[in-house]
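Colleague: Chains A and B, in that order, are what the protein sequence lines are. Counting from 1 along the first sequence, just add 11 to a position and that's the residue number in this note's numbering. Counting from 1 along the second sequence, just add 11 to a position and that's the residue number in this note's numbering. By construction, the Cβ of each residue, glycine as well, lies at the ideal position given by its N, Cα and C atoms. Got a structure for you, written out below as structure tokens; questions coming shortly.
2 protein chains.
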Amino acid sequence: MNSQHLSTSKSHGLLSASIITIGDEILIGQIVDTNSAYISKVLNNLGIRVEEMLSISDDKDHIINTLNRVTKPGRVVVVTGGLGPTNDDITKKVLGAFTGARSWVTNEAQLNIIKGITARRNMAMGTLNRAQADVPDTCEVLVNQKGTAPGMWFDYRDCILISLPGVPFEMQYLMEQVSQKLQQRFRLTPIYHRSLMTFGLPESTLAEMIADWEQALPSYMKLAYLPNPVTGVKLRLSIYDYLIENDKNNSPLASAVDEQITKLRAIIGSALYGEEPDTLHSVAGRLLLKKGATVGTAESCTGGKIASLITSCAGSSAYFKGSIVAYDNSLKTAILGVPTETITSNGAVSRQVVEAMAEGARRVLQTDYAVATSGIAGPGGGTPDKPVGTVWMATAGPEGVYSELLSTTGDRERIIERSAANALNMLRLQLQSSSTNFKLHM
Amino acid sequence: MNSQHLSTSKSHGLLSASIITIGDEILIGQIVDTNSAYISKVLNNLGIRVEEMLSISDDKDHIINTLNRVTKPGRVVVVTGGLGPTNDDITKKVLGAFTGARSWVTNEAQLNIIKGITARRNMAMGTLNRAQADVPDTCEVLVNQKGTAPGMWFDYRDCILISLPGVPFEMQYLMEQVSQKLQQRFRLTPIYHRSLMTFGLPESTLAEMIADWEQALPSYMKLAYLPNPVTGVKLRLSIYDYLIENDKNNSPLASAVDEQITKLRAIIGSALYGEEPDTLHSVAGRLLLKKGATVGTAESCTGGKIASLITSCAGSSAYFKGSIVAYDNSLKTAILGVPTETITSNGAVSRQVVEAMAEGARRVLQTDYAVATSGIAGPGGGTPDKPVGTVWMATAGPEGVYSELLSTTGDRERIIERSAANALNMLRLQLQSSSTNFKLHM
Chain A
12 MNSQHLSTSK SHGLLSASII TIGDEILIGQ IVDTNSAYIS KVLNNLGIRV EEMLSISDDK
72 DHIINTLNRV TKPGRVVVVT GGLGPTNDDI TKKVLGAFTG ARSWVTNEAQ LNIIKGITAR
132 RNMAMGTLNR AQADVPDTCE VLVNQKGTAP GMWFDYRDCI LISLPGVPFE MQYLMEQVSQ
192 KLQQRFRLTP IYHRSLMTFG LPESTLAEMI ADWEQALPSY MKLAYLPNPV TGVKLRLSIY
252 DYLIENDKNN SPLASAVDEQ ITKLRAIIGS ALYGEEPDTL HSVAGRLLLK KGATVGTAES
312 CTGGKIASLI TSCAGSSAYF KGSIVAYDNS LKTAILGVPT ETITSNGAVS RQVVEAMAEG
372 ARRVLQTDYA VATSGIAGPG GGTPDKPVGT VWMATAGPEG VYSELLSTTG DRERIIERSA
432 ANALNMLRLQ LQSSSTNFKL HM
Chain B
12 MNSQHLSTSK SHGLLSASII TIGDEILIGQ IVDTNSAYIS KVLNNLGIRV EEMLSISDDK
72 DHIINTLNRV TKPGRVVVVT GGLGPTNDDI TKKVLGAFTG ARSWVTNEAQ LNIIKGITAR
132 RNMAMGTLNR AQADVPDTCE VLVNQKGTAP GMWFDYRDCI LISLPGVPFE MQYLMEQVSQ
192 KLQQRFRLTP IYHRSLMTFG LPESTLAEMI ADWEQALPSY MKLAYLPNPV TGVKLRLSIY
252 DYLIENDKNN SPLASAVDEQ ITKLRAIIGS ALYGEEPDTL HSVAGRLLLK KGATVGTAES
312 CTGGKIASLI TSCAGSSAYF KGSIVAYDNS LKTAILGVPT ETITSNGAVS RQVVEAMAEG
372 ARRVLQTDYA VATSGIAGPG GGTPDKPVGT VWMATAGPEG VYSELLSTTG DRERIIERSA
432 ANALNMLRLQ LQSSSTNFKL HM
């Protein structure tokens, strides 16, 4: 146990971290490394600064060299990947050797989980699976309830070495335990930050809008613009080192951030849809719940994406009833009741059709609100009049029917995502507005 | 110019690469590093093996230490980020110092582009923007038509050092030039690899199944297991170094891989659904196109996810007609025609209901095939009999109706994704099997 050393090093500043991803899939560009970003976010929120992220191959020498380099005093090293059951997964072996393990121990709790998982999947438990419960005697096991590979926690010299499976879902589950253990072990001072979610304003417009407020911020607060082409611009306000120096009375500082956030909310107005981790669909869901109202969708170009987003929220069955994906025009008529001549005279991608779809969905699905889309996601199907990226969106509710035209660019996926986001934002705005002076801003 | 050294080092093996991303945004987990994956794919396809990817902060010492470590003979080092106009962007300065620049040169071509961009944006060109055209005299400029920061190519000792802006769009544009220059300079031999996509077999079962085949592989071929909890296990067979030594006649080696792939396909059988970049939904789409058949979905717990996956493929309107998301039981009856008593006596999550949903969808959507799901995605709604993760799936088609029970684990998102993947796999198997001796394997 080296908490002594770690405490010492801590007094020189923050605990620091390295994140190492092992495996070829990332190195050959087959997959994008999302794990490191997740781990980094968790560590940063704990007040541990990530110095470096690395992706390396599952080559023994390369792993050892890297570990030798990054295991500095006061360092938390999180390694993901290479814990699968097959022979090319060598992380566990290498970590055992690196930390000087003298024997291997079977972790009974993990073994039982492996048995359960293989049984539930109607598989015989093979030798390879069984061996996943064996760990070097130098580690403390982080039992993985979500998969067969256990996490491992090594107190190695003056640093903490943590090994997690590369499956994002399992890694995220185990990071909970890691987070708790780190907080128990060290006197960490979490970074305080709050993030506002905005939609519909470009970064530069937003910047001009809040310029005076930003100028007047105290110097120890840091504002970051984090634009996302689908979900809008996130504004994050943080306090870092100042908090560290003053951690005995951090609440006045947190309150100062809270005050600034209140001011900022007022300046941004209706473009503000929530605060992290809110999403357009979670906010719409919350508003529906509050109203005791239900919603459904009628989708053409979005192909079920809006329904899929709404139902990604736990508890959505309380307000979401269902959806008609009417990709084929015959279904717009047969199920949603859009008159054939409305389609013939205006085209399927038109204000008339999308409004009729929204009204039809409300009627057929027996909901209070409905969202509809009809557009050209491409790459084919565009015309000079209605190029790829032309999308009509409508919402229908007790207040009436509203429609908007989105003219966007990008590949098929991006156009579908943007259409879904804009349609959900329309729903959110309709739900947020009072029914008397309702006005839609996009 | 050091191409001599590089040629020499090349005879010892492949050109290798390091990719370095500079900047805090990635280290704090705010954005996922997609640039490295892109660069890696380009380099791998050229036959340059990426040894390591790193993300580091824009700290001078950290950058210099890292460069000292990675600039090995025969190495291509690609650095992205830190080329912005503001003072915290230090990459160019550091690279100049590292490569021993004695003076700075204004690149007129880039300066003109900067003038054009600032004019188009109605900005006055400031000193900061103008300075972006200045580069160290140790580099060759890669003119950036898409932005203000030029790329830089350094012949540094025995390696190539390349600096690119971090904006993905600009980086991708400049990687074209990098790719061409690398091919002109070196006799590169692209890596040959093929990847088979499997579904429904755990990694360990698959490993045991193909153990004999794997054992008998020539030593110059490398097999990788790349499991994905949703899309199945990918098996990638590659040849690297051997090809380099024998690049005058590389086609026999590629054929040897092709032969092994043919053998492997036969061993895996119906668990094999395609070859990269195939997905379960793209394969199902292709089979439907070939048959001239149409499909629709009736979704409960998957909430539109299956429809969304199918319509993510360009051209899917040729075979996808639409979908009924019947989240609320009343819609299962009202739209899909599932008898109320079938729901009452068996529960909504049952073989009977999901089969009636599939048949209903086929009838209502007027399609040849239909896929249906009904299950408990959680986190609420589970019972001892039917815990969270219990999902019934059915396919209906001219051959009949088939249903399967999936008992899976994970969070809501994972359960929805797995249900969608399993249902699409059922459709794929039904479409692949001849109608006479159709038997479903999961």
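#1: May I ask which residues mark the beginning and end of the beta strand (DSSP E) holding M64 (chain B)?
#2: Between which residues of its own chain and T272 (chain A) is the CB-CB distance below 6 Å, once the five residues before and five after are set aside?
#3: Taking 7 Å as the limit between beta carbons, can you name the residues of its chain near V336 (chain A), skipping five residues before and five after?
#4: Could you say which of B:D69, B:V88 and B:E366 lies nearest to L78 (chain B) if we only look at CA atoms?
#5: Please report how far the alpha carbon of F331 (chain B) lies from the alpha carbon of C312 (chain A), in whole angstroms.
#6: If you draw a straight line from the C-alpha of V360 (chain A) to the C-alpha of I50 (chain B), how long is it?
#7: Measuring CB atoms only, is the region 212–226 of chain A touching the region 169–187 of chain A, in the sense that at least three cross pairs come out at less than 8 Å?
#8: Which residues in the same chain have their Cβ closer than 8 Å to the Cβ of Q443 (chain B), if we skip the five residues on either side of it in sequence?
#9: Is DSSP giving P263 (chain B) helix, strand or coil here?
#10: Output yes or no for whether 7 Å exceeds the beta carbon distance between T406 (chain A) and L438 (chain A).
#11: Cα-Cα, which of A:Y184, A:N98 and A:P288 is closest to A142 (chain A)?
#12: Evaluate the contact criterion for the region 139–154 of chain A versus the region 54–66 of chain A: three or more CB pairs, one atom per stretch, below 8 Å.
#13: If we define contact as Cβ-Cβ less than 7 Å, is I67 (chain A) a contact residue for chain B?
#14: Is the region 143–162 of chain B in contact with the region 64–79 of chain B, if contact means three or more CB pairs nearer than 8 Å?
#15: Give, in chain order, every residue of the region 205–220 of chain B whose Cβ lies closer than 8 Å to some Cβ of chain A.
#16: Contact between the region 230–247 of chain B and the region 192–203 of chain B: three or more CB pairs below 8 Å?
#17: Give me the subset of the region 324–340 of chain B whose CB atoms are less than 9 Å from a CB atom of chain A, sorted by chain position.
#18: Grouping DSSP H, G and I as helix and E and B as strand, with all else coil, what is M220 (chain B)?
#19: Is there at least one Cβ from chain A nearer than 7 Å to N271 (chain B)'s Cβ?
#20: When burial is assigned at 16 or more other CB atoms within 10 Å of the CB, is D396 (chain B) buried or exposed?
#21: So which residues of chain A does L26 (chain B) contact, with C-beta pairs closer than 8 Å?
#22: Give the interface partners of E62 (chain A) over in chain B, defined as CB-CB distance under 8 Å, in chain order.
#23: Here's the rule: buried if 16 or more other CB atoms are within 10 angstroms of the residue's CB, otherwise exposed. What is Q441 (chain B)?
#24: Using the Cα positions of S215 (chain A) and N436 (chain B), report the straight-line distance between them to the nearest angstrom.
#25: List the DSSP bridge partners of M208 (chain A).
#26: Give me the subset of the region 407–429 of chain A whose CB atoms are less than 8 Å from a CB atom of chain B, sorted by chain position.
#27: Looking only at its chain, what residues have a beta carbon closer than 7 Å to the beta carbon of Y167 (chain A), apart from the 5 residues adjacent to it on each side?
#28: Distance check for Q156 (chain B) and S419 (chain B), CA to CA, integer angstroms please.
#29: Consult DSSP for D422 (chain B) and reduce its assignment to one of helix, strand or coil.
#30: Need the endpoints of the alpha helix (DSSP H) that P238 (chain B) sits in, please.
#31: At least one CB of chain A closer than 7 Å to the CB of K104 (chain B): is that the case?
#32: At a Cβ threshold of 7 Å, is K259 (chain B) touching chain A?
#33: If we ignore side chains and look at the alpha-carbon of each, how far apart do E270 (chain A) and I250 (chain A) end up?
#34: Can you pull the DSSP bridge partners for Y184 (chain A)?
#35: Quick one: which unbroken alpha helix (DSSP H) runs of 4-plus residues sit fully inside the region 138–204 of chain A? Chain order, please.
#36: Against chain A, which members of the region 39–52 of chain B pass a CB distance test of less than 8 Å?
Modeller: Short version:
#1: R60 to I67
#2: Reading off the sequence, residue 272 (chain A) comes out as Ile, not Thr. Hits under 6 Å: R205.
#3: E310, G314 and G315
#4: B:V88
#5: 12 Å
#6: 38 Å
#7: no
#8: S281 and L298
#9: helix
#10: yes
#11: A:N98
#12: no
#13: yes
#14: no
#15: P213, E214, S215, T216, A218 and E219
#16: no
#17: C324, A325, G326, S327, S328, F331, K332, G333, S334, I335, V336, A337, Y338 and D339
#18: helix
#19: The displayed chain sequence assigns Gln, not Asn, to residue 271 (chain B). For Q271 (chain B), the answer is no, since every Cβ of chain A falls outside 7 Å of its Cβ.
#20: exposed
#21: By Cβ distance, chain A contributes nothing, its closest Cβ being about 15 Å from L26 (chain B), past 8 Å.
#22: L38, I67, S68 and H73
#23: buried
#24: 46 Å
#25: A:K245 and A:G285
#26: R423, E424 and I427
#27: T82 and T110
#28: The question names Ser, but residue 419 (chain B) in the sequence shown is Thr. Cα-Cα distance, rounded: 50 Å.
#29: coil
#30: Here P238 (chain B) belongs to no alpha helix (DSSP H); instead the beta strand (DSSP E) covers M232 to N239.
#31: no
#32: At K259 (chain B), the pLDDT of 46 sits below 50, so the modelled position is not reliable and the matter cannot be decided from this model.
#33: 13 Å
#34: Y184 (chain A) is not bridged to any residue.
#35: 138–142 and 179–196
#36: I39, G40, Q41, I42, V43, D44, T45, S47, A48, Y49, I50, S51 and K52
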